[in-house]
Amino acid sequence: MAEISKRRFLQLAGLTLAGRISPQVAEADPLQHPPRVIIVTFGGGVRYSETFAPEGLRNIPRLAEMRPHGFFYQSCSNSGVLSHFNSTASIISGNWQRVDDFGFQPPASPTLFEYHQKQAGAGPSRAWVVATNKSFAQIAPQGANVVLPKQLLLDAVRDIVNKPSGEGVADRENVQRRLESLLSEGYEGVGWTIFKAGRQLDRHVHETLTRALVEYINGPEAPSSGDELTFFMTREIMREFAPRLILVNFWDMDVAHWGSYSLYLQAITRTDRLTGMLWDEIQSNKSYKDKTTMLVLPELGRDGDQNTANGFLNHRSGDPSCRRMWMLAMGVGAAPGETERPVQHVDVMATAAELLGMKVSDISGKPLRELVG
Amino acid sequence: MAGSPKVSPLLQGLIDKGLFDQLPATFSTFFYDQIKDWDLLFPAEHSYHERLFGLIDRSDPALVNSLFAPVRAAEAKMGVTEKSWPKRQFTLDQVDFLNRSPHYPEWRKAISDVFGRLDPVLDAELSRAGRPRLVVVTSPDELPVGPDRMWLRILKHGRRVPVEPGAFHFDFATNTAYDTWKIQAEGPPEKHGSAVHLSYEALKPYRTRLMSEVRHIVEAEQIRGPRQLGSRLKELKMRPDESGLAGDPVLAEFTRAVLLNGNGTLLINNTFVEWASVQAVRRARPSLVSISFGVRNKVKPFSSLLIYTDQDTASPVSTQRDMLGTYVDLEIFYQYIWQEFEKYAEYRRNTAYVFVADGMDELMVIAPTDFPLMSVRGSVHPDRVSAICREWMGL
Numbered sequence: 001m002a003e004i005s006k007r008r009f010l011q012l013a014g015l016t017l018a019g020r021i022s023p024q025v026a027e028a029d030p031l032q033h034p035p036r037v038i039i040v041t042f043g044g045g046v047r048y049s050e051t052f053a054p055e056g057l058r059n060i061p062r063l064a065e066m067r068p069h070g071f072f073y074q075s076c077s078n079s080g081v082l083s084h085f086n087s088t089a090s091i092i093s094g095n096w097q098r099v100d101d102f103g104f105q106p107p108a109s110p111t112l113f114e115y116h117q118k119q120a121g122a123g124p125s126r127a128w129v130v131a132t133n134k135s136f137a138q139i140a141p142q143g144a145n146v147v148l149p150k151q152l153l154l155d156a157v158r159d160i161v162n163k164p165s166g167e168g169v170a171d172r173e174n175v176q177r178r179l180e181s182l183l184s185e186g187y188e189g190v191g192w193t194i195f196k197a198g199r200q201l202d203r204h205v206h207e208t209l210t211r212a213l214v215e216y217i218n219g220p221e222a223p224s225s226g227d228e229l230t231f232f233m234t235r236e237i238m239r240e241f242a243p244r245l246i247l248v249n250f251w252d253m254d255v256a257h258w259g260s261y262s263l264y265l266q267a268i269t270r271t272d273r274l275t276g277m278l279w280d281e282i283q284s285n286k287s288y289k290d291k292t293t294m295l296v297l298p299e300l301g302r303d304g305d306q307n308t309a310n311g312f313l314n315h316r317s318g319d320p321s322c323r324r325m326w327m328l329a330m331g332v333g334a335a336p337g338e339t340e341r342p343v344q345h346v347d348v349m350a351t352a353a354e355l356l357g358m359k360v361s362d363i364s365g366k367p368l369r370e371l372v373g
Numbered sequence: 001m002a003g004s005p006k007v008s009p010l011l012q013g014l015i016d017k018g019l020f021d022q023l024p025a026t027f028s029t030f031f032y033d034q035i036k037d038w039d040l041l042f043p044a045e046h047s048y049h050e051r052l053f054g055l056i057d058r059s060d061p062a063l064v065n066s067l068f069a070p071v072r073a074a075e076a077k078m079g080v081t082e083k084s085w086p087k088r089q090f091t092l093d094q095v096d097f098l099n100r101s102p103h104y105p106e107w108r109k110a111i112s113d114v115f116g117r118l119d120p121v122l123d124a125e126l127s128r129a130g131r132p133r134l135v136v137v138t139s140p141d142e143l144p145v146g147p148d149r150m151w152l153r154i155l156k157h158g159r160r161v162p163v164e165p166g167a168f169h170f171d172f173a174t175n176t177a178y179d180t181w182k183i184q185a186e187g188p189p190e191k192h193g194s195a196v197h198l199s200y201e202a203l204k205p206y207r208t209r210l211m212s213e214v215r216h217i218v219e220a221e222q223i224r225g226p227r228q229l230g231s232r233l234k235e236l237k238m239r240p241d242e243s244g245l246a247g248d249p250v251l252a253e254f255t256r257a258v259l260l261n262g263n264g265t266l267l268i269n270n271t272f273v274e275w276a277s278v279q280a281v282r283r284a285r286p287s288l289v290s291i292s293f294g295v296r297n298k299v300k301p302f303s304s305l306l307i308y309t310d311q312d313t314a315s316p317v318s319t320q321r322d323m324l325g326t327y328v329d330l331e332i333f334y335q336y337i338w339q340e341f342e343k344y345a346e347y348r349r350n351t352a353y354v355f356v357a358d359g360m361d362e363l364m365v366i367a368p369t370d371f372p373l374m375s376v377r378g379s380v381h382p383d384r385v386s387a388i389c390r391e392w393m394g395l
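Protein sequences appear in the order of chains A and B.
Numbering-wise (the working numbering), the first sequence opens with residue 1 and increments by one.
Numbering-wise (the working numbering), the second sequence opens with residue 1 and increments by one.
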C-alpha cells in the first residue's frame, strides 16, 4: 500500500470536508468564531541590538510602549536554517524546515493553515498570509489565501495605466516599468522567478483587494514602502474578511543587505510603527477586540558586528546575534509579564494552534504555557 | 591530473602526492574551488594556500588525522559521501547542502576548530616578517556633526588629535604590486605609481551595464535562483572601454566580484567602498590603504527595491544627498573596516589607522605607541600628518 504523507492526508481531509460544507456555513459570521491569532514577523531579520537591547529601544518606540501590556519572551531562538523562507516556514509549521531557501518547495510538514482548514472547516477567506517576498507564495500551500501586496499593486497600476486617459503616457509607462521592477525584489541580490500572481486568489477577493488598493495609492496616504502596503492590505483584509488566522510578514528591514545602517534602522522603526498600528486596529475592530492574540517576533536575526562576514548586512553566520531573538505576545492569554525562559520559533505554531482550539501532532514545538495556561 | 586546477608547482606537487584527497571532502573541495582560478588570485592568496597546505603536509599525519576527525564525523552525520559530494567540484548546491543540514552548526564548529589550530601557526610565520602598515580612512566634509560625534564605536582604541586647517594629501605608494590601494566613493581615480585605484564613480559605465545585463538575465531568461544565476554572472566581465582596470585580469575579476557578490555595492557608493576595502584586506593584504567615503544619495520613493536599476534614471524625482544617513552608515563602517584589518596577523601591532574627515579640526588615530601621532601634543597641520605617515611607511 502506498504510504500517504501527513500533508496529503490533511489535504484530502480538508478538501473532502470543505466539499461537504455549504458556503454559508463555511463563511459564517466571523463574530461566531473567536478566538483569533495574528502572527507578525519582522521578516528580513533584525538583531536584538537594534530592538529590545537597551541601546535599541529608541528604534522601536511602539513595541517598547506595548511590552508592559503584554507577555515578553526575552529569548526566542531560531535553531533552523537562517534563510527567510525556512525561518518563517518553521514558525508556522512547528518543525524546523530545511527545504529550498527560495520557495521552490513547500514546507515539508503541514502548516498551521492546513490544520486550520481541516479542523475549522474554514473557507479560504478565514486564513491569510500577507507577505512581500515572492517566495512566500508557496509557504502555505493549503489553507490560506496568500497575498503579495506588491503583486497586487502592479495589477492595480496596470489597470490605471491601461486606461486610455490620454494624459502623461510617458510618465505612466515610467511608473509601469518601475513597478515591474519592484517585483524583482530580493535583497540578496539574485533573481528569483517572478511569480506572476503569487498564489492565485479567488477572483472576487482579488478584485476587492485591487479595488481597495487603487483607492489607496491614489489617496492621501500613498504608501512609500513595501511594509506600508503590507499593513494596508492586512487592515483591509481584517475589515473585509475578518479572518481567524493571519500571518503578516513585514520585510522592509531586509534593506540591510544594501549596507546602509541608517536605512535598516529606519525600516525597523517603520515596522515598529506599523505593528503598533496593527495592534490599534485589533483594539478598534469589533471582530478582533478581546478575541485576538497577536504574536510579534523577528523571523531571524542578523550577523553580529564582530562576525567575520560583514555584520548586519547578512544573516547566515549562525552566531548568537543571528539566532537569539525575542517575542512579544499581546492580547488574549498574554497577561503582563516576561520571562527569561528560552523558547523557540517552532513553539509559535503549537501555541497558536492551542489558542485556536486546534489539535496538532508530530511537531517539535511546544505550546507556551504562559499564553495557553 | 584531470580536474585539477592550474596552480603553482609547489601546490601542484602537494595535489599530485594526494594531500587534498586525504582531507575531508568538504574541506578539500572548498579549497579546490578557491584555487581553481589561480591566475586570478593575488600574490597574498598564492602565499596563503601554499603555506596552509605546506603546513598540513609537513605535520605529523596522526596529528592531521586527529585535527580533522571532528570534520569527518560531522560529514558522516550530514551524509557526505563520494557520491553526494564529488571530489574537486564545489558548487552552490553543496553550499545549500551544508546550510540546510541539521548538523551544519556541528560541521561549522569543527571547521572553525581546525582553523583555530592552524591559524596561530601560520600567523606566527607572518608576525616574524611584520612591517609597518598604514590605513587612512577619509570621511566627506558634509557630515552634519562635529568631531565629538565621530568614530564613536572605536574611539576607545585610539585618540583624537587636533588638526590645523588644511587639506590632507596621502599621495604616496609602495613599489610592490597590489600593495597600495586607493578605494574611493567619488571622483576620478588618482594615479600613484603601482597603486590599485578603485572609484565607485569612475566605475559607472561598468556598473550601469552590469545592472542592465543582470536585469535582462533575470527577466528574459527566467533564472530560477542563485545557483542558476551564478555562472551567468561570471560572464559579465569588464570591458576595456569601461575602466582601465580591465587591463589587469586579477583586478578586473576582483571588481566584478565586488560589484556582483557584495550586497548593495552596485547601488550605494559607501557600501561599495566598504566591501571593496574588506575584500582587498581579505585577499590582497596590502600594506598601504587609503579609503575615502562619500555622501550617499537618498533612496527615492518606491525605489528601495530596485536592485538592478540605475536610480538616476529610474525615477523622475530629483536626486538628493543624505548627509545624516551617511553619517549613521559610516559610524558602523569605521568599526567594520578596522576590525577586518585586525583579524589578520599582518596588521596586528604594526598598523597605524588614521581617520580623517575633510573640514574637521580633529582626526582620530589608532596605532602602536611608536606611531608619532599617538604622542603628539597640540594640533598638527595636515602636511605634518602626511609626512608622519610617509615616514612610518619608510617612503
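Ideal Cβ positions, reconstructed from N, Cα and C, are used throughout, including at glycine.
Quantities reported herein were computed from a predicted structural model and do not represent experimental measurements.
One thing to note: Leu355/A has its Cβ within 8 Å of the Cβ of Gly333/A. Cα atoms of Tyr48/A and Lys6/B: separation of roughly 46 Å, rounded to the nearest angstrom.
If you look at Ile15/B, you'll find it in the alpha helix (DSSP H) that goes 9-16. Between the alpha carbons of Ile268/A and Asp254/A lies a gap of roughly 9 Å.
In the three-state scheme derived from DSSP, where H, G and I count as helix and E and B as strand, Leu229/A is classed as helix. Taking C-beta atoms under 8 Å as the contact rule, Ala350/A and Val360/A qualify, at a distance of about 7 Å. DSSP, read as helix, strand or coil, puts Asn261/B in helix. Nearest neighbour of Ser321/A by Cα position, chosen from Thr88/A, Cys76/A, Ser109/A, Asn95/A, turns out to be Cys76/A. Along the region 311-360 of chain B, the alpha helix (DSSP H) occurs as fully enclosed runs of 4 or more residues at 311-314, 323-342, listed in sequence order. In terms of Cβ geometry, Val46/A and Leu295/A do not form a close pair [threshold 8 Å].
Under the three-state reduction of DSSP output, Ala329/A falls in the strand class. Using a C-beta cut-off of 8 Å, the region 259-267 of chain A makes no contact with the region 135-152 of chain A, since fewer than three inter-stretch Cβ pairs fall below that distance. Residue contact with chain A for Tyr200/B: absent (no Cβ-Cβ distance below 8 Å to any residue of chain A).
Residue contact check for Gln306/A against chain B: a CB pair falls below 8 Å.
Short of 8 Å from the beta carbon of Phe90/B, and not among the five residues preceding or following it, lie these beta carbons of its own chain, in chain order: Thr29, Phe30, Tyr32, Asp33. Counting only the Cα atoms, Phe27/B lies some 8 Å from Ile111/B.
In its chain, beyond the 5 residues on either side, Ala352, Val365, Ile388, Trp392 have a beta carbon closer than 8 Å to the beta carbon of Phe371/B.
The Cβ of Ile15/B sits no closer than 8 Å to any Cβ of chain A. Within the region 241-315 of chain A, complete alpha helix (DSSP H) segments of at least 4 residues are found at 261-284, given in chain order.
The closest CA to that of Phe102/A, considering only Leu82/A, Gly94/A, Gly337/A, is found on Leu82/A.
Under the three-state reduction of DSSP output, Pro189/B falls in the coil class, being neither helix nor strand. Around the beta carbon of Ala131/A, 16 or more other beta carbons lie within 10 angstroms, which makes this residue buried. Between the C-alpha atoms of Leu373/B and Ala257/B there is a straight-line separation of about 36 Å. Look at the region 246-264 of chain A: the residues with a C-beta under 7 Å from a C-beta of chain B are Val255, His257, Trp258, Gly259, Ser260, Tyr261, Ser262, Leu263. Three or more beta-carbon pairs separated by less than 8 Å link the region 176-195 of chain B to the region 277-291 of chain B, which places the two stretches in contact. Restricting attention to alpha helix (DSSP H) runs no shorter than 4 residues, the region 12-50 of chain B encloses them at 19-22, 25-35, ordered along the chain.
Ile39/A: member of the beta strand (DSSP E) spanning 36-42, first to last residue.
Close to Tyr336/B, with beta-carbon spacing below 8 Å, are these residues of chain A in chain order: Asp305, Asn310, Gly311. The residues Leu67, Phe68, Val71, in chain order, have a CB closer than 7 Å to that of Val114/B in the same chain once the five nearest residues on each side in sequence are set aside. Checking the DSSP bridge columns, you'll see Glu338/A partnered with Phe72/A. Proximity of the region 274-283 of chain A to the region 104-122 of chain A falls short of the contact definition, fewer than three beta-carbon pairs being nearer than 8 Å. Excluding sequence positions up to five before and after Asn175/B, its CB lies within less than 7 Å of the CB of Gly193, Ser194, all in the same chain and listed in chain order. By alpha-carbon distance to Ile237/A, the top candidate from Asn285/A, Leu265/A, Trp251/A, Ser225/A is Asn285/A.
Within the DSSP secondary-structure output, His197/B pairs in a beta bridge with Lys182/B. In terms of beta-carbon proximity, Gly43/A stays away from the interface with chain B, with every pair separated by 8 Å or more. The region 147-167 of chain B makes contact with the region 353-364 of chain B, as at least three CB pairs between them are under 8 Å.
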